[in-house]
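Engineer:
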Ligand code: SAH
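Numbering (my numbering), first residue to last: 665 to 1135.
1. Short of 7 Å in beta carbon distance, which residues of its chain neighbour residue 1126, apart from the five on each side in sequence? Order them along the chain.
2. Is DSSP giving residue 896 helix, strand or coil here?
3. In this structure, does DSSP put residue 970 in helix, strand or coil?
4. Is any heavy atom of the ligand SAH found at a distance shorter than 8 Å from the C-beta of residue 976?
5. Which stretch, first to last residue, makes up the beta strand (DSSP E) that contains residue 890?
6. DSSP three-state label for residue 992, please.
7. My assumption, with CB atoms under 8 Å, is that residue 776 sits in contact with residue 789. Please give the rounded CB distance.
8. How would you label residue 1026, buried or exposed, when you count the other beta carbons within 10 angstroms and need 16 or more for buried?
9. Residues in its own chain within less than 7 Å of residue 955 by CB, not counting five upstream and five downstream?
10. How is residue 1017 classed by DSSP in three states: helix, strand or coil?
11. The ligand SAH and residue 1011: does any heavy atom of the ligand fall closer than 8 Å to the residue's C-beta?
12. Give me the Cβ distance between residue 854 and residue 912, rounded to the nearest whole Å; I'm assuming they're in contact under 8 Å.
13. Along the chain, where does the beta strand (DSSP E) that runs through residue 1073 open and close?
14. Just checking my contact of residue 1007 with residue 1080 at CB under 8 Å: how many whole Å lie between their CB atoms?
15. Would a C-beta distance cut-off of 9 Å place residue 706 and residue 720 closer than the cut-off?
16. Leaving out the 5 sequence neighbours to the left and right, which residues in its chain are closer than 7 Å to residue 696 when beta-carbon positions are compared?
17. Please report the Cβ distance between residue 681 and residue 734, rounded to the nearest whole angstrom; I am assuming they are in contact, meaning their Cβ atoms lie under 8 Å.
18. In the DSSP output, which residue or residues are listed as bridge partners for residue 779?
19. Between which two residues does the beta strand (DSSP E) holding residue 725 run?
20. Can you tell me whether residue 971 is buried or exposed? The criterion is at least 16 other CB atoms within 10 Å of its CB, across all chains shown.
21. For residue 794 versus residue 743, is the C-beta spacing smaller than 9 Å?
22. Could you tell me the alpha carbon to alpha carbon distance between residue 887 and residue 750, rounded to whole angstroms?
23. Is the stretch 852 to 868 touching the stretch 893 to 906, taking contact as three or more C-beta pairs under 8 Å?
24. Strictly by DSSP, which residues pair up with residue 914?
25. With DSSP run on the structure shown, which of helix, strand or coil describes residue 772?
26. List the DSSP bridge partners of residue 704.
27. Pull up the CB-CB distance for residue 1018 and residue 1113, whole angstroms please, since I reckon it's below 8 Å.
28. Below 9 Å between beta carbons: does that hold for residue 772 and residue 672?
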C-alpha cells in the first residue's frame, strides 16, 4: 500500500488553503463540507471564493504565503498555479508535521484526496495512489450507480438504533443480527421512508435475537463452497456472499490467495491443505474440525478449489455433517476442466469432434493408475485428466497401447485461469518428453482429444500466456 486510507474528523478544526483560484475554491468547499474551519491565503480571490468570504464561510488573509503560516493548522492544501509557491507550502507544512496536499503534484503530498461517493454518513473513498486518477473517477462513477441513494438514510437509521442493539446483544450475536437485518426487509422500509415500520420490525427482530442468545444452544452451519480454478472473477455470487459472512474458513492449497482475500477480514483462516505425497491434515481431522467449529455456533466456510463434488471429497465432508445433524449447504464452483478449457480456447464438446467428455482422476497409487483405459480411447470423445502430472508418461503410453492415435493432440494447462496460466499443446507421443524438459508448476490439467486442435482458432486469452504452444 502506498497510502494509509483513513477518514479524518476536521469538524471545527482549522484548515489552510493556499491559493485564490478555482481549484483552491473547490478544495475549500470540500473541506467546508466536512465541517472544517477554512482559512484561505492569497493576494487575490476568484469570484467564488470572494462570495464565500462575504458570506462568512471562510476566513481570508489577502497576501502572499509565508512559511510561518502553517502553524496551528490541522491540514494544509497548496492550490496555487505557481509550482514554486506550492513547493514552499509543502516544505513548510512537512517541516511542521502538518499533513499537506499539493494539487496535481503527488510527489509533494503527504496526503491525497480520494474520489468519493457521498451518502453521508456513508462514505466510499477510491484512490489509485495518484497512479491513474481517471481510473479512480470511473470506478467512483460505477459505485455511484451501484449504491442506492437511500443508503445514507439507512446508515443514519442504524446509527440511531446502535446503542440499544449494543446493550442487548453480545459481539457475535450482534454481527449476525446486523447481517440478517441487511438481508431482510428493513433496509427497503427505511429507504422508502417508512422508518417507523422499520423501527418496529427491528424491535421484533432484536427481541427474537435476544431470546435466541439467552437460550443459547445455537448451532452453526457449514458452507461447502467451490472456489473455482483460481480467477476470483469465477466465484459465484452466493460463494462471495457466504465468504463475507464467515466466522472461520478452512481452505486448501488450490484456493488462490486472491480468492482468500475476499473472505471476511476478521474470519479465522485455517489451512488444511494436502500435498500429493503427504497429508498435512488428514481428511477425518478436517471432517471432525468442521463438526466441532459448527458446534461452537460458528458459520464455517469450507473453501475448495474448483467444484466441491468433483475430485474434492466434498461428499465425505457433508456425510459427516449430516451424521451429526449440522446444517450445511453446498455451493457449486467452476471445475478446473471448465475453467481451463474456456481460458485455453478448447471446447470440451463439439458437433464435429466430441460428443461426450470424461473427467478422470489420473493420480498414481502404488506406482500405477486405476483407470478403465478402453473407455478412454473411444472415438468422438474428450478426456480431461485431473491430477495426472506425475503419471503423465504412463497415461500417454497406456492410451496409445489401447488404441489412441499417437498424434492425438493433448493440452497440458498449468495454473489454469490464473495470471500465470500456461498452455502446452503437443501429441500423446511427444508430450512426456516436452514436459520433462520444462519446468512445470502445479496444478496442471490434461485435455486429450480432437477438440484440442481448435485452440489456435479459439484462444482469446493468449497475451504471453501460452508461450509453450509453439506447434
Ligand atoms: N475439485 C477440483 C479438483 C480437485 S483435484 C475441481 O473441481 O477443479 C486437484 C486437481 O485439479 C489438480 O491436480 C489439477 O489437475 C486440477 N486443477 C485444479 N485447479 C486447477 C487449475 N487452476 N489449473 C489446472 N488444473 C487445476
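A virtual CB, placed ideally from N, CA and C, is assigned to each residue, including glycine.
Please read all numbers here as calculations on a predicted model, not as lab measurements.
Structural biologist: Quick answer:
1. With a pLDDT of 48 at residue 1126, under the threshold of 50, the predicted position of this residue should be treated as unreliable, though the coordinate-derived value follows. Excluding residues within five positions, none has a Cβ falling inside 7 Å.
2. Residue 896: helix per DSSP, three-state reduction.
3. strand
4. yes
5. Residue range 885 to 890 is occupied by the beta strand (DSSP E) that includes residue 890.
6. strand
7. Contact doesn't hold; Cβ gap of about 10 Å is too wide.
8. buried
9. Excluding positions up to five away in sequence, the list reads 984, 985, 988, 990.
10. Note: residue 1017 maps to coil in three-state DSSP.
11. no
12. Rounded, the Cβ-Cβ distance is 31 Å, inconsistent with contact.
13. Run containing residue 1073: 1073 to 1078, per the beta strand (DSSP E) assignment.
14. 6 Å
15. The beta carbons of residue 706 and residue 720 sit no closer together than 9 Å.
16. If you ignore the 5 residues before and after residue 696, its C-beta comes within less than 7 Å of the C-beta of 702, 721, all in its own chain and listed in chain order.
17. In this structure residue 681 is not in contact with residue 734, their Cβ atoms being roughly 12 Å apart against a cut-off of 8 Å.
18. Per DSSP, the beta bridge partners of residue 779 are 790.
19. 723 to 725
20. Classification for residue 971: buried.
21. no
22. If you take the alpha carbons of residue 887 and residue 750, they lie about 55 Å apart.
23. no
24. 934, 966
25. DSSP, read as helix, strand or coil, puts residue 772 in helix.
26. 681, 724
27. 5 Å
28. Cβ distance not < 9 Å, so residue 772 and residue 672 don't count as in contact.
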